[in-house]
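Novice: After the structure tokens below, expect a handful of questions from me.
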Amino acid sequence: MSFDESAFNYKISSDHKTGTDLDILKRLFGNKKFDKTLDVAAAAGHCAKIFNAKQYVVSDLSFNMLKEALSDWPVPSAVKNCAETLPFKTQTFDLISCRIALHHFRDAEGFFKESSRALKNNGFLVLIDSLVDIEDAYLNTIEFIRDPSHFRSYTFKEIVNMTADYFRIDFMQLLYKKHNFDEWSKRLNPSRERLEKISQAFLALPENIKHELSLEIADENILSYTDKKAVIILRKL
Ligand SMILES: C[S@@+](CC[C@H](N)C(=O)[O-])C[C@H]1O[C@@H](n2cnc3c(N)ncnc32)[C@H](O)[C@@H]1O
1 MSFDESAFNY KISSDHKTGT DLDILKRLFG NKKFDKTLDV AAAAGHCAKI FNAKQYVVSD
61 LSFNMLKEAL SDWPVPSAVK NCAETLPFKT QTFDLISCRI ALHHFRDAEG FFKESSRALK
121 NNGFLVLIDS LVDIEDAYLN TIEFIRDPSH FRSYTFKEIV NMTADYFRID FMQLLYKKHN
181 FDEWSKRLNP SRERLEKISQ AFLALPENIK HELSLEIADE NILSYTDKKA VIILRKL
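full-length UniProt numbering numbers the first residue of the sequence shown as 1 and each following residue consecutively.
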């Protein structure tokens, strides 16, 4: 159960290859042309492709994810690296994007610091990730049962605090994303025991949290849940 083993699942995942978040990016950036963009934790590259750039770089910790990103889009340079230490010269990129991955990083603030360094002045950092507030502890716990590489989804306030020294926030939009439970829970090829633990963790939630997550259940089977994501556009200070 690892990103390398499940790389193809991320390529075909309905949660990743489409989404309102990508539509928002098309609307915001469709008319802009960049010299050089970097997508951090790019997985199969669904977010990287949204931007118009002369040069694309995709990076990820997982070699197989990068292989998937390049399999039908051999345009970008691919770099295997950790998001917290970007191996690029200072002021290299016009735009850095990072979609549905911040919650894996052990040092999120280190990632923001490094992104700021690698961006040109006034460059864009495009951040998309889950946000938590009242269901915080619950969702982080369940995500960790499903995927032990889940570190933490943040509150908006925490993101503001972590980025304030390096970026100003230009734009923020909250959206609600419905996850097909079967696809979501099986994406990392879990054992039967782990799958059962994920279901039980959802079913044991207090009623107000089930309501908050719009949990759909039929005959003790979870059909879907809905979480909050944010599209946040930051500009380098
Ligand atoms: C949910 S996927 C990202 C989806 C992708 N950005 C998209 O738009 O389809 C999470 C990715 O983060 C990568 N990852 C996890 N921790 C990382 C880290 N510390 N540095 C770089 N990549 C990391 C994983 O290998 C995986 O490919």
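Just so it is clear, CB atoms sit at the ideal spot from N, CA and C, and this is done for glycine as well.
What does a CB cutoff of less than 8 Å around Tyr154 pick up in its chain, not counting 5 residues either side in sequence?
Specialist: Taken in chain order, the residues that qualify are Leu102, His103, Ala108, Asp129, Leu131, Val132, Met162.
Novice: Secondary structure at Leu119, three-state DSSP: helix, strand or coil?
Specialist: DSSP places Leu119 in strand when its eight states are reduced to three.
Novice: At a threshold of 6 Å, does Asp15 count as lining ligand 1 (C-beta to nearest heavy atom)?
Specialist: No, the Cβ of Asp15 stays beyond 6 Å of every heavy atom of ligand 1.
Novice: Would you call the CB atoms of Ile50 and Lys33 closer than 7 Å?
Specialist: It is not a contact, given that the beta carbons lie outside the stated cut-off.
Novice: State the DSSP-derived secondary structure class of Glu5, mapped to helix, strand or coil.
Specialist: In the structure shown, Glu5 sits in coil (DSSP, three-state: anything other than H, G, I, E or B).
Novice: Do you know how far the Cα of Glu220 is from the Cα of Ala164?
Specialist: Approximately 44 Å, taken between the alpha carbons.
Novice: Rounded to the nearest angstrom, what separates Phe8 and Arg168 at their Cα positions?
Specialist: Taking the straight line from one Cα to the other gives about 36 Å.
Novice: Identify which residue in Glu216, Ser71, Leu66, Ser185 has its Cα closest to the Cα of Leu195.
Specialist: When each option's Cα is compared against that of Leu195, the closest is Ser185.
Novice: Does the distance between the C-beta of Leu61 and the nearest non-hydrogen atom of ligand 1 fall short of 6 Å?
Specialist: Leu61 Cβ: within cutoff of ligand 1.
Novice: Just to confirm my understanding: we take Phe93, look at its own chain, exclude 5 residues before and 5 after, and list those with CB closer than 7 Å. What are they?
Specialist: Excluding sequence neighbours, Phe93 sits near Lys36, Thr37, Leu38, Ala118, Leu119, Lys120, Gly123.
Novice: Considering Cα atoms alone, identify which of Leu213, Leu95, Leu174, Phe105 is closest to Phe29.
Specialist: If we check each option's Cα against that of Phe29, Leu95 comes out closest.
Novice: I'd like the span of the alpha helix (DSSP H) that includes Tyr138, first residue to last.
Specialist: 136-146 is the span of the alpha helix (DSSP H), which, as asked, contains Tyr138.
Novice: Taking the continuous alpha helix (DSSP H) assigned at Ala230, which residues delimit it?
Specialist: Premise fails: Ala230 lies in the beta strand (DSSP E), 221-236, not in any alpha helix (DSSP H).
Novice: Just how far apart, CA to CA, sit Ser224 and Val40?
Specialist: Cα to Cα, the separation comes out at about 28 Å.
Novice: Considering just the uninterrupted stretch of the alpha helix (DSSP H) at Phe51, what are its terminal residues?
Specialist: Looking at the DSSP string, Phe51 is not in any alpha helix (DSSP H), and its letter there is neither H nor E.
Novice: DSSP on Ser191, reduced to helix/strand/coil?
Specialist: DSSP places Ser191 in coil when its eight states are reduced to three.
Novice: Compute every distance between the C-beta of Ile12 and the non-hydrogen atoms of ligand 1, then say whether any falls below 6 Å.
Specialist: Incorrect: Ile12 has no Cβ contact closer than 6 Å to ligand 1.
Novice: Would you tell me roughly how many angstroms separate the C-alpha atoms of Leu22 and Cys47, rounded to the nearest one?
Specialist: Looking at the two C-alpha atoms, the distance is approximately 7 Å.
Novice: Skipping 5 residues on each side, what residues in its chain have a beta carbon closer than 7 Å to that of Phe181?
Specialist: Result list for Phe181: Ile222, Leu223, Ser224, Tyr225, in chain order.
Novice: Mind checking whether Tyr56 and Pro76 have CB atoms under 7 Å apart?
Specialist: In this structure, Pro76 lies closer than 7 Å to Tyr56 by Cβ.
Novice: Could you check the C-alpha separation between Asp60 and Ser97 for me, to the nearest Å?
Specialist: Each residue's alpha carbon lies about 12 Å from the other.
Novice: Which residues does DSSP pair with His179 in a beta bridge?
Specialist: Paired residues: Tyr225.
Novice: Confirm the yes/no value for this check: CB of Ile100, any heavy atom of ligand 1, distance under 6 Å.
Specialist: The answer is yes for Ile100.
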